[in-house]
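S.K.: Before I ask anything, let me first share the structure, which is written out below as structure tokens.
Residue numbers (the UniProt record's numbering): 1 to 297.
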């Protein structure tokens with residue numbers, strides 16, 4: 001089948017792609033075998049290395065408290081960044097220059113600064129100008145950095161999602177008497193949510209992963225920060241500790257993307273018409289009798 005993106009493959013191209021796929025699988029299997037063999041030679045796959053994570057001590061002492069802090073920072077950042085990003089994204093589409101230009105300046109400024117720099121500045125600001133305790137300062141700094149950066153990125157996602165809709169919809173809504181804020185709330189945003197959902201979830205996944213920056217730099221006691229003392233306690237068990245932490249991150253992010261895929265499909269199905277389809281005979285009968293408020297001539 002020919003597409004606008006590519007032409008249909010011929011027999012030679014199909015054979016070549018099958019060959020490339022087979023070579024890739026062989027190379028990947030060889031690499032995987034080399035990694036497993038190397039780990040086994042260094043006794044990294046021994047049961048003693050992985051046994052602590054089967055029992056509850058490692059989870060209750062290290063992993064679960066770190067995971068709680070990770071989820072807490074990510075949840076606070078999402079709750080603040082999502083509406084803030086929507087606000088600035090809509091503000092960038094305003095017809096008023098005094099709203100559009102400052103919103104664009106704020107978005108472009110914080111989008112251009114690395115999130116780590118924002119976290120470091122936030123730590124210094126909370127330490128110098130606020131009475132936040134040293135125990136909570138790292139959490140505040142991580143949330144502040146994540147909110148400032150990701151809200152600016154989400155603002156661009158919202159703006160792009162709204163601009164992707166046909167202009168005729170807003171023009172038709174204005175023609176029937178709706179105000180501009182009503183057009184945005186009732187016409188544009190509900191339709192743009194479905195289009196924006198994959199990008200928004202991708203940014204939420206970024207928020208979850210970027211909490212690890214606070215654990216690595218700001219001594220925020222998140223899941224990543226718990227790996228160091230846990231590995232030291234169990235005899236420099238670094239590979240197993242980091243593997244378990246990585247699997248937890250994978251499980252969280254996979255759950256988010258799976259939920260987003262389900263929600264997107266549900267929203268798309270909900271927007272489909274559920275009206276009954278009239279048979280041709282009924283339509284012909286309607287035309288003949290002039291039903292529906294019309295007069296047959």
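Backbone N, C-alpha and C define an ideal beta-carbon position, used for all residues, glycine too.
1) Short of 8 Å in beta carbon distance, which residues of its chain neighbour residue 9, apart from the five on each side in sequence? Order them along the chain.
2) Considering only residues of the same chain and omitting the five flanking positions on each side of residue 80, which have a CB-CB separation below 8 Å?
3) In this structure, how does DSSP classify residue 72 when only helix, strand and coil are distinguished?
4) State the DSSP-derived secondary structure class of residue 130, mapped to helix, strand or coil.
5) Threshold first: 4 residues or longer. Then list the alpha helix (DSSP H) segments lying entirely within the segment 169-233, N to C.
6) For residue 203, count the other beta carbons within 10 Å of its own beta carbon; 16 or more makes it buried, fewer makes it exposed. Which is it?
7) Count the CB pairs spanning the segment 208-216 and the segment 183-200 that are closer than 8 Å, and state whether there are at least three.
8) Using the rule of at least 16 other Cβ atoms within 10 Å of the residue's Cβ for burial, across every protein chain shown, is residue 226 buried or exposed?
9) If you follow the alpha helix (DSSP H) that residue 59 is part of, which residue opens it and which one closes it?
10) Can the beta-carbon of residue 260 be found closer than 9 Å to that of residue 162?
11) Between which two residues does the alpha helix (DSSP H) containing residue 14 stretch?
12) Confirm, please, whether the CB-CB distance from residue 137 to residue 127 is below 9 Å.
13) Going by DSSP in three states, residue 261 sits in which element: helix, strand or coil?
14) Compare the C-alpha of residue 267 against each of 114, 191, 33 and name the closest.
15) By alpha-carbon positions, which one of 115, 113, 114, 88 ends up nearest to residue 102?
16) Whole angstroms are fine: how far does the CA of residue 244 sit from the CA of residue 65?
17) List the endpoints of the continuous alpha helix (DSSP H) containing residue 8.
18) Could you have a look at residue 112 and say whether DSSP puts it in helix, strand or coil?
19) Report the rounded CA-to-CA distance for residue 123 versus residue 117, giving the unit in angstroms.
20) Which of helix, strand or coil does DSSP assign to residue 136?
21) If you pair each beta-carbon of the segment 215-222 with each one of the segment 26-34, do three or more pairs fall below 8 Å?
22) Just to confirm my understanding: we take residue 193, look at its own chain, exclude 5 residues before and 5 after, and list those with CB closer than 8 Å. What are they?
M.R.: From the atom records:
1) Position 9 of the chain shown, counted from the start, is the residue given in the question as residue 9. Taken in chain order, the residues that qualify are 17.
2) To locate residue 80, count along the chain shown from 1; it is residue 80. In its chain, beyond the 5 residues on either side, 143, 147, 151 have a beta carbon closer than 8 Å to the beta carbon of residue 80.
3) For the purposes of this step, residue 72 is identified with residue 72 of the chain shown, where counting begins at 1. In the structure shown, residue 72 adopts helical secondary structure according to DSSP, grouped into three states.
4) Locating residue 130 in the chain shown gives position 130, counting from the first residue. Coil, per DSSP.
5) Listed in chain order, the complete alpha helix (DSSP H) runs (minimum 4 residues) inside the segment 169-233 are 189-217, 227-233.
6) Position 203 of the chain shown, counted from the first residue, corresponds to residue 203. Residue 203 comes out buried.
7) Contact fails: fewer than three Cβ-Cβ distances are below 8 Å.
8) Numbered from 1 along the chain shown, position 226 holds the residue referred to as residue 226. Counting Cβ neighbours within 10 Å, residue 226 comes out buried, since at least 16 surround it.
9) Residue 59 sits at position 59 when you count from the first residue of the chain shown. Where residue 59 is concerned, there is no enclosing alpha helix (DSSP H), given that its DSSP letter is neither H nor E.
10) In the chain shown, the residue the question calls residue 260 occupies position 260. In the chain shown, the residue the question calls residue 162 occupies position 162. By the CB criterion at 9 Å, residue 260 and residue 162 fall outside the cutoff.
11) For this step, residue 14 is matched to residue 14 along the chain shown. Looking at the DSSP string, the run of the alpha helix (DSSP H) that includes residue 14 is 11-41.
12) To locate residue 127, count along the chain shown from 1; it is residue 127. To locate residue 137, count along the chain shown from 1; it is residue 137. A Cβ-Cβ contact shorter than 9 Å links residue 127 with residue 137.
13) Here the question's residue 261 lines up with position 261 in the chain shown. DSSP places residue 261 in the helix class (H, G or I) of the three-state scheme.
14) As a first step, residue 267 must be located in the chain shown, where it is residue number 267. Comparing Cα-Cα distances from residue 267 to each of 114, 191, 33, the minimum goes to 191.
15) Within the chain shown, numbered from 1, the residue matching residue 102 stands at position 102. The candidate whose alpha carbon is nearest that of residue 102 is 88.
16) Here the question's residue 65 lines up with position 65 in the chain shown. Here the question's residue 244 lines up with position 244 in the chain shown. So the two alpha carbons sit approximately 14 Å from each other.
17) One-based indexing of the chain shown puts residue 8 at position 8. Where residue 8 is concerned, there is no enclosing alpha helix (DSSP H), given that its DSSP letter is neither H nor E.
18) In the chain shown, the residue the question calls residue 112 occupies position 112. DSSP, read as helix, strand or coil, puts residue 112 in coil.
19) The residue labelled residue 123 in the question sits at position 123 within the chain shown. The residue labelled residue 117 in the question sits at position 117 within the chain shown. Cα-Cα distance, rounded: 10 Å.
20) One-based indexing of the chain shown puts residue 136 at position 136. Three-state result, residue 136: helix.
21) Segments in contact, no.
22) Here residue 193 refers to the residue found at position 193 when the chain shown is read from its first residue. When the five nearest sequence neighbours on each side are left out, the beta carbons in the same chain lying within less than 8 Å of the beta carbon of residue 193 are those of 161, 267, in order along the chain.
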